[in-house]
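Note that the protein sequences, when read in sequence, are chains R and B. Under the working numbering, the first residue of the first sequence is numbered 1, with each subsequent residue one higher. Under the working numbering, the first residue of the second sequence is numbered 10001, with each subsequent residue one higher.
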Amino acid sequence: MPPTSKSVVSRSSAGKAVFDTLNREKRFRNPPADKSAFPALQDAIRPHVDSWNAVFREGGCLHQAIHDIGEKTVFDRLDGNAETGYGNKLTVKIANYYLGKSMLSSRDKTAMKREIYPAECRERHTSYRGQLQLELHYKVNNGEWQKEYRDCGLLPLMVMGNRCHLEGMSPRDLVDHKEESEELGGYFIASGNEKLIRMLIVNRRNYATAVVRSSYAKRGPSYTNMGVQIRCVRPDQSSMTNVIHYLNDGNITFRFSWRKREYLVPAMMILKALVDTNDREIFEGIVGLEQREDTFLTDRVELLLRTYKTYGLYSRHETLAYLGDKFRIVMQVSPDVSDVEVGKLFLKKIVLVYLQDDGDKFRQLLFMIKKLYALVAGTCAADNVDAAQHQEILLGGFLYAQILKEKIEEYLFSIRSQVRSELMGGARPEFNNPQYMRKMLGKVNERIGESLHYFLSTGNLSSPSGLDLQQTTGFTVVAEKLNFYRYISHFRMVHRGSFFAQLKTTTVRKLLPESWGFLCPVHTPDGSPCGLLNHLAHKCQVATTSSDCTRIGPLVLTLGVHSAKVLPVPADAILSVQLDGKILGWCSPRDARRVAESLRFYKVEGTHDVPKDLEIGYVPVSNAGQYPGVYLFSQEARMMRPVKYIPLDKEDIVGAFEQPFLNVAVTEPEIKSGDSHVEFDPTNILSIVANMTPFSDFNQSPRNMYQCQMGKQTMGTPGTAIQHRTDNKMYRLQTGQSPIVRAPLYNTYGLDNFPNGMNAVVAVIAYTGYDMDDAMIINKSAHERGFGYGTVYKTEKYDLAEKSKSKVPQLAFGYGWAPIGADQQTLAKFKAMRDKYSGTIDDVDGLPLVGQKVVEGDPVAVYHNMGTGETFFFKYKSSEDAYIEEVRVLGNDVGDTICQAISVKFRITRSPVIGDKFSSRHGQKGVCSQKWPAVDMPFSESGMQPDVIINPHAFPSRMTIGMFVESMAGKAGALHGFAQDCTPFKFNETHTAVDYFGHQLREAGYNYYGNEPMYSGITGQEFHADIYLGVVYYQRLRHMVNDKYQVRSTGPVDSRTRQPVKGRKRMGGLRIGEMERDSLLAHGTAFLVQDRLLNCSDYHQTWVCRGCGSFLATTPTVTSADRRAAEVRCRRCAVRATEFDVGKRGYWEDGLGGRFLGGEDTTIVVIPYVLKYLDVELLAMGIQMKYDVSP
Amino acid sequence: MDGFDMIDSGTDGPSVTIRKAEASHADFVLSNVDLAFANSIRRIILAEVPTLAIDLVEVIGNTSVLPDELLAHRLGLIPLDSTNIDDKLLYTRDCDCDGYCERCSVVLTLVAKCTGDQNVTVYARDLAVTAGAQLGNPVITDEGQKGSIICKLRKGQELNIKCIAKKGIAKEHAKWQPCAAVSFEYDPWNKLKHVDYWYETDAKAEWPKSANAGWEEPPQENEPFDYDAAPTKFYMDVETVGSLPPDEILRQGVKYLQEKLANVIAGVQKTAGANGVSAAAGDVSGMDDGYGGARSPDMGDANGYGRNFNDGYVTPYGGAGGVGGAQTPFGGYGGGGYSNGW
């Protein structure tokens, strides 16, 4: 019944969800030549690409890093030309670096096009790398700097980064270069795999956090669990964490770690070393004017000052010299540097490294001490380091830069060790001889690119300093292109750190209100990584540059802030104003609020040079709450998101630190007085994938979590450039459709390019019994028309180089049949095979023919030993039949040898079979239990038969009402021919979804609530109940029985226990475990227990001696002419026969010629073979087992 | 009481009132039959009226983006003209030939190549039936006379395909289905109370009136419920896919229903015949394959996985013989015509 009039059906709120089919089709045929049609996708991976660009741009992090590394020196210990007594001094430094794009090696002399594009690396299973060159400067003594350019190997490049050929290409160019039209980049290509460095949560930089941690008390005697921690980040993004500890006696020590070792220094010593100061200045710096009467504080500060007297260090100079003396060895400083200089270096490299000025460091350290005493006194609360407020994100590019920095520094150190080792060997270094220098440098390990490649391909960090991180593994993940949801999720994924995964407490996993809008509350896996592996909300961005804040300092002073450098500070100016951890000044609580509000107004307004992404964290004075102050942040790695600033009705970028102190209304109607901000859209808190769950606000929350998981396991469309990819395994749904029910964001993110499922007509009915327990029935005709048809692509690389045993690369093998001329016998032998396989293997080159079917054991390619003329095969190993999809002939990098490797892509057809897994988009997964013939399916009055039948019992306990709503919406959309908007939070109590879609259904002539009378397909009788029938988007999940089924009757056994081996791959068995056994026992199925545990396992018959009860003492007798056939006797019960006994009855001989009497009382018993093994093991320990085998 | 009821009622036997008849569908009322008969007609025309569909595909060349098996699947689903198929074509299994011949199959060829810069779309009209074949032309109903899209080709891509179309029924594979859908309704006023309409507040407002309601008297207020009443009027609408006209589908349906019933009778008589009561049971249908009736060419062929998955399993205790393991009452799930087994 087609709708007669659509006039009543309002599409007002459905207006934004459109199919947009024609535009998509046009775009697909003619990719835009200017820019991507989906900027939102580009934004999604921005943290990755931008962080890379921030590192490798001119003056970027890496330039700052090599500047920060500085000079390293080494002496030749030769007398004569010595000023210092150490001999000639060689100073080396890195002055600059050059990183090229991915190019052909210069050894290739023939190629005209020398660029290597990412697609080539993927297809050839190689890495996408560019040449790294370091400009090494060295000087001898105080001579001129000499320049030397050193090649440091090929450094893996980020695709779409500023060293990628693809940077800035239009979709059309990208397609021309064998990429997706929406190629996003943000990953590396290591050995053909797309690897990305995943984002890690780390502590917020340059902000002193008050911490209460029980492990702090374990640092030593009298240490308490209280401290103040600050993670200091240098401009090159490397970090150094400083902690001050509170001791029971009121004292404070300063802790840091250097090259993975921890050091403790009295905080006073640092203070004294930083500036020329006196005890009064320190006292007044900690104790404000208004706190003079606070004896708790004054007592402790007094003690702090008093106990330090024992060191007897009074001036700055003395303190520096003392520190320098202690840390000279630790810091590996050149012997000719004075102690004071070492002390200064100590302060520069270790203490609050983000600040350059010692005065600023001094003030910040005093502030930290103040905060620590406040924490101890209970006037401020500990900061929650698990909350997003005190967290930032370690971005891939920055981590990469840190590793690179360390490798470069290591390189300089290894020059030093090279010289030293030559000295030890008795050589005479000649620093002034360029030839010597070149030769010496040639011996130094310069393969920096290699070590970064190792990092990317394994995810393991090998670092002497540990990079201030809590883990050494698991930094990189493969960006799997299973479907697009999974792919894009990798780039939005934020991990808390694998250190926290081992933690027994669950506090780190909690969903805290501070993450609102930054981390998606829905999109986290269930199970062990739950809460640790989060995903950024789709509007959340991560800062990758620091904004210009030079005018902020003067500006706040005009707003009534008392400068930090001017002493004394007024009594009421108790709140600090800090910009990125630098104390700008002090102000009163009232002024602080005004400062914060004015700054925010200027910021949103765009005036007074206040940058748009400045974070204005105003922590008000509270009763033992967070330590108050105004904290401004402008640097990298912060999570930020847009919300609307109500006073100006403009966009404000809000950070995770400031948000807890802002009043953000969720929707416009909810704005109350005092609210400064309002969300642009309530769905901004959800991740990209979570936003794709239709009507998720109708579902029970865990179901939305499950859908986020299952959406990523769906067999969908991995991409459109599949023919240029060689992923190990790729799943593809061949009959994907665009969902009828979809959020407008679906189009924003261009997900129609990658369909993930099919619109299915779903009846909710208990029909055949085959839909029990989450099984679903598929209409056989629907299946035959292509419902859920998928394909798996597998790529296998066949490399001849691996076949030759010798390590020296040599051409031992070649593809193809052994050439004519090898010996006649071999040729004849292979003649038959050659004919047999001519259908699947090309007779000339020995490579597989595209389109051919291969079954297990079939040859895929032929190769021969060029020396012996022997012919061999590469065989197809999988038990599943496949078709040859593509064959790639892979040359080496230079292209100067004959073909040694090929890459073959196999296509495995995966039509849905019973046992395959499907799910709707509401966490409702089910296994296909039958393909039911269409005539037997229930049908509606119009003759419509459902594609899928699910059981109504799937709903009451799971409460996925969203699926019902989707069903109605899909049905109405299909009937009227438009897409339905399923954005959550669009409906409310007065404007309900049921009425909205029910109305549309009634317009189309259907029941208001989506029910239909249906008839039994078998009898034709109308069902007593009407059936809920609608259209739901179904996903086919990648879990398929063909990958999982496991059967065995007999098969391989473990050689030691003779029990079946485990594992599907090895044709192993399924274990009947303890609980399964219990269950069988409880059922009284003793025969089954015996069958499973003995007969089908390690059934064994063995001889046992009835007399002594031993298995192991039994031994077979030797047959001899005068005796009967061989028997088994017990050696233990027998006695050695004398000459006299020979000839008596019962006399027998063992295999060694020993003659015995007795021991006849043996018999055969059935045992599990492991029992015998246990007997032997125990025997080895000197324990004898005795079996009572009396009947 | 309107005229129709007067004419049709009585004991004259089944009658059909045709309400609408078009090339692609026929809307009619079937009356004076019981539910079982009406449903049997529905089931037969949906699943057991034979048509012609491409069953074997020999791919000589395929450089398009579609894999061979997907192309084969698309070709299979193209409706082919199957009028009077029973007079023109045998089932392959009933034919004497090895493989296929012109008596049991129709060969169609598809040769297409894209040479220009514009992409070429290959339509069903590009399928060429061997000259002299009496049926098998692709059904083309669209205005542009193109038929359904098979594939799109880019410059340099080509298709060279030989398709062998065979006679078969939809019970085996949906591609042999002559009807897209059969609408089926009785008792539009729910006088028999077969359905218990669910409603939130008001059944009348929430439940639309059936379009067939006008063909029957609305129930009277306080009408006594007739416990013995059974449905006798069935409103059906047969919508075809184009391979057969609706009237032929129905006629064939009746024919095959008769044939099936004859088989049952024959089967009953055969068992009785063992006692010497009746002879010549086998002559009734001329078929002795037990289940009888329509069958598809590859039914039970070991090609498709359908066999492997559904025909039971072999236990070490020798259960493999005889019945063929776990046979479902639905005649087993046919492996499709393609080697991949749709």
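Don't be surprised by glycine CBs; every beta carbon is placed ideally from N, CA and C.
Note to self: Please list, in chain order, the residues of the region 933-945 of chain R that have any C-beta partner in chain B closer than 9 angstroms.
What the structure shows: Pro933, Ala934, Val935, Asp936, Phe939, Ser940, Glu941, Ser942, Gly943, Met944 and Gln945
Notebook entry, point to check: Hey, does proline 31 of chain R have any beta-carbon neighbour from chain B nearer than 8 angstroms?
Noted result: Against the first sequence, residue 31 of chain R aligns to sequence position 31. No, because no Cβ of chain B sits closer than 8 angstroms to the Cβ of proline 31 of chain R.
Note to self: Between arginine 10043 of chain B and chain R, is the shortest Cβ-Cβ distance under 8 angstroms, so that the two count as touching?
What the structure shows: Locating residue 10043 of chain B in the second sequence gives position 43, where the first residue counts as 1. Taking Cβ atoms only, chain R reaches closer than 8 angstroms to arginine 10043 of chain B, which makes this a yes.
Notebook entry, point to check: Tell me, which residues are paired with cysteine 1130 of chain R by DSSP?
Noted result: Your numbering for residue 1130 of chain R matches position 1130 in the first sequence. Paired residue(s): R:Thr1114.
Next item on the list: Look at the alpha carbon of asparagine 988 of chain R and the alpha carbon of serine 214 of chain R, and state the distance between them as a whole number of angstroms.
Entry: One-based indexing of the first sequence puts residue 988 of chain R at position 988. One-based indexing of the first sequence puts residue 214 of chain R at position 214. Looking at the two C-alpha atoms, the distance is approximately 48 angstroms.
Item checked: With 16 other Cβ atoms within 10 Å as the buried cut-off, status of methionine 772 of chain R -> In the first sequence, residue 772 of chain R corresponds to position 772, counting from 1. Exposed, by the Cβ-count rule.
Check: When burial is assigned at 16 or more other CB atoms within 10 Å of the CB, is lysine 10204 of chain B buried or exposed?
Finding: Mapped onto the second sequence, residue 10204 of chain B falls at position 204. Classification of lysine 10204 of chain B: exposed, given that the 10 Å Cβ count is below 16.
Margin query: I'd like to know whether the C-beta atoms of glycine 585 of chain R and histidine 562 of chain R end up nearer to each other than 8 angstroms.
Written below: Position 585 of the first sequence, counting from 1, holds the residue named residue 585 of chain R. Position 562 of the first sequence, counting from 1, holds the residue named residue 562 of chain R. Yes, the pair counts as a contact, with Cβ atoms nearer than the cut-off.
Check: How about glutamate 71 of chain R and arginine 888 of chain R: do their beta carbons lie closer than 8 angstroms?
Finding: As a working mapping, residue 71 of chain R is identified with position 71 in the first sequence. As a working mapping, residue 888 of chain R is identified with position 888 in the first sequence. No, these two residues do not count as a Cβ contact at 8 angstroms.
Check: So, is the C-beta of tyrosine 876 of chain R closer than 8 angstroms to a C-beta in chain D?
Finding: The chain inventory of the structure shown lacks chain D, comprising the protein chains R and B.
Notebook entry, point to check: With 16 other CB atoms within 10 Å as the buried threshold, where does threonine 10201 of chain B fall?
Noted result: Here residue 10201 of chain B corresponds to residue number 201 of the second sequence, with the count starting at 1. It counts as exposed.
Note to self: When you compare the CB positions of alanine 934 of chain R and asparagine 747 of chain R, do they come within less than 8 angstroms of one another, or not?
What the structure shows: What you label residue 934 of chain R is simply residue 934 of the first sequence in a count that begins at 1. What you label residue 747 of chain R is simply residue 747 of the first sequence in a count that begins at 1. Taking 8 angstroms as the Cβ cut-off, alanine 934 of chain R and asparagine 747 of chain R do not qualify as a contacting pair.
Notebook entry, point to check: List, in order along the chain, the chain R residues whose C-beta lies closer than 7 angstroms to that of glutamate 10206 of chain B?
Noted result: By one-based count along the second sequence, residue 10206 of chain B stands at place 206. Simply Asn1007, Tyr1008 and Tyr1009.
Margin query: Using a 10 Å radius around the Cβ and a threshold of 16 neighbouring Cβ atoms, would you call tryptophan 10176 of chain B buried or exposed?
Written below: One-based indexing of the second sequence puts residue 10176 of chain B at position 176. By the neighbour-count rule (16 or more Cβ atoms within 10 Å), tryptophan 10176 of chain B is buried.
Next item on the list: Name the one or two DSSP bridge partners that tryptophan 258 of chain R has.
Entry: Taking the first sequence and counting its residues from 1, one reaches residue 258 of chain R at position 258. Looking at the DSSP assignment, tryptophan 258 of chain R forms a beta bridge with R:Arg261.
Next item on the list: Alpha carbon to alpha carbon, how far is lysine 10193 of chain B from aspartate 10228 of chain B? Give it in angstroms, no decimals.
Entry: Here residue 10228 of chain B refers to the residue found at position 228 when the second sequence is read from its first residue. Here residue 10193 of chain B refers to the residue found at position 193 when the second sequence is read from its first residue. Approximately 12 angstroms between the Cα atoms of the pair.
Checklist line | Neighbour list for tyrosine 10197 of chain B in chain R, Cβ cutoff strictly below 7 angstroms | finding: Within the second sequence, residue 10197 of chain B is the residue found at index 197, counting from 1. Ordered by position in chain R, the residues that pass the 7 angstroms Cβ test against tyrosine 10197 of chain B are Asp1026.
Notebook entry, point to check: For arginine 907 of chain R, which residues in chain B fall below 8 angstroms Cβ to Cβ?
Noted result: Residue 907 of chain R sits at position 907 when you count from the first residue of the first sequence. Under a criterion of Cβ atoms nearer than 8 angstroms, the residues of chain B adjacent to arginine 907 of chain R are, in order, Pro10067.
Margin query: Judging by CA-CA distance, which residue of B:Glu10217, B:Phe10184 and B:Val10241 is the nearest neighbour of phenylalanine 10028 of chain B?
Written below: Taking the first residue of the second sequence as 1, we reach residue 10028 of chain B at position 28. Closest option to phenylalanine 10028 of chain B, Cα to Cα, is B:Phe10184.
Check: Which term fits methionine 368 of chain R, buried or exposed, when burial requires 16 or more other beta carbons within 10 angstroms of its beta carbon?
Finding: Translated into the one-based positions of the first sequence, residue 368 of chain R becomes position 368. With 16 or more Cβ atoms within 10 Å of its Cβ, methionine 368 of chain R is classed as buried.
Check: Residues bridged to asparagine 699 of chain R by DSSP?
Finding: Indexing the first sequence from 1 puts residue 699 of chain R at position 699. Asparagine 699 of chain R pairs with R:Thr960.
Checklist line | glutamate 1022 of chain R (DSSP reduced to helix, strand or coil) | finding: As a first step, residue 1022 of chain R must be located in the first sequence, where it is residue number 1022. Strand at glutamate 1022 of chain R.
Checklist line | Delimiting residues of the alpha helix (DSSP H) encompassing cysteine 10151 of chain B | finding: Translated into positions along the second sequence, residue 10151 of chain B becomes position 151. Segment 10149-10153 is the beta strand (DSSP E) holding cysteine 10151 of chain B; no alpha helix (DSSP H) there.
Checklist line | arginine 10042 of chain B - DSSP class collapsed to helix/strand/coil | finding: As a first step, residue 10042 of chain B is located in the second sequence; it is residue number 42 there, counting from the start. Residue state, collapsed to three classes: helix.
Next item on the list: Answer yes if the region 410-425 of chain R comes into contact with the region 517-525 of chain R, meaning at least three C-beta pairs across the two stretches below 8 angstroms, and no otherwise.
Entry: no
Check: Given that a residue counts as buried once 16 or more other Cβ atoms are within 10 Å of its Cβ, and exposed if not, what is threonine 990 of chain R?
Finding: The residue you call residue 990 of chain R lines up with position 990 of the first sequence. Per the 10 Å Cβ criterion, exposed.
Note to self: Strictly under 8 angstroms for the Cβ-Cβ distance: is valine 10182 of chain B near chain R by that measure?
What the structure shows: Mapped onto the second sequence, residue 10182 of chain B falls at position 182. Output row for valine 10182 of chain B: interface = yes.
Notebook entry, point to check: According to DSSP, what are the bridge partners of proline 10050 of chain B?
Noted result: Sequence index remark: in the second sequence, residue 10050 of chain B carries index 50 (1-based). None; proline 10050 of chain B has no bridge partner.
Check: Which of helix, strand or coil does DSSP assign to methionine 440 of chain R?
Finding: What you label residue 440 of chain R is simply residue 440 of the first sequence in a count that begins at 1. Helix at methionine 440 of chain R.
Check: Does the beta-carbon of histidine 1083 of chain R have 16 or more other beta-carbons within 10 angstroms, so that it is buried, or is it exposed?
Finding: As a first step, residue 1083 of chain R must be located in the first sequence, where it is residue number 1083. Classification of histidine 1083 of chain R: exposed, given that the 10 Å Cβ count is below 16.
Next item on the list: Mind reading off the beta-carbon distance from cysteine 10151 of chain B to glutamate 10239 of chain B? Whole number of angstroms is fine, and I expect it under 8 angstroms.
Entry: Locating residue 10151 of chain B in the second sequence gives position 151, counting from the first residue. Locating residue 10239 of chain B in the second sequence gives position 239, counting from the first residue. No, cysteine 10151 of chain B and glutamate 10239 of chain B are not in contact; Cβ-Cβ is about 27 angstroms, not under 8 angstroms.
Notebook entry, point to check: Is the distance from the Cβ of asparagine 203 of chain R to the Cβ of threonine 224 of chain R below 8 angstroms?
Noted result: Reading the first sequence from its first residue, position 203 is the one you call residue 203 of chain R. Reading the first sequence from its first residue, position 224 is the one you call residue 224 of chain R. No, Cβ-Cβ distance for asparagine 203 of chain R and threonine 224 of chain R is not below 8 angstroms.
Notebook entry, point to check: What's the call for glycine 10334 of chain B, buried or exposed, on a 16-neighbour Cβ count within 10 Å?
Noted result: Position 334 of the second sequence, counting from 1, holds the residue named residue 10334 of chain B. Note that glycine 10334 of chain B has pLDDT 38, beneath the 50 cutoff, so the model's placement of it is unreliable and the number below is only indicative. Per the 10 Å Cβ criterion, buried.
Next item on the list: Just the chain R side, please: which residues come within less than 8 angstroms of serine 10024 of chain B by C-beta, in chain order?
Entry: To locate residue 10024 of chain B, count along the second sequence from 1; it is residue 24. Ordered by position in chain R, no residue passes the 8 angstroms Cβ test against serine 10024 of chain B, which lies about 14 angstroms from the chain.
Notebook entry, point to check: By DSSP, does tryptophan 1148 of chain R sit in helix, in strand, or in coil?
Noted result: Indexing the first sequence from 1 puts residue 1148 of chain R at position 1148. Three-state result, tryptophan 1148 of chain R: strand.
Next item on the list: Look at valine 494 of chain R and isoleucine 653 of chain R and say whether their C-beta atoms are less than 8 angstroms apart.
Entry: To locate residue 494 of chain R, count along the first sequence from 1; it is residue 494. To locate residue 653 of chain R, count along the first sequence from 1; it is residue 653. Not in contact: valine 494 of chain R and isoleucine 653 of chain R (Cβ atoms no closer than 8 angstroms).
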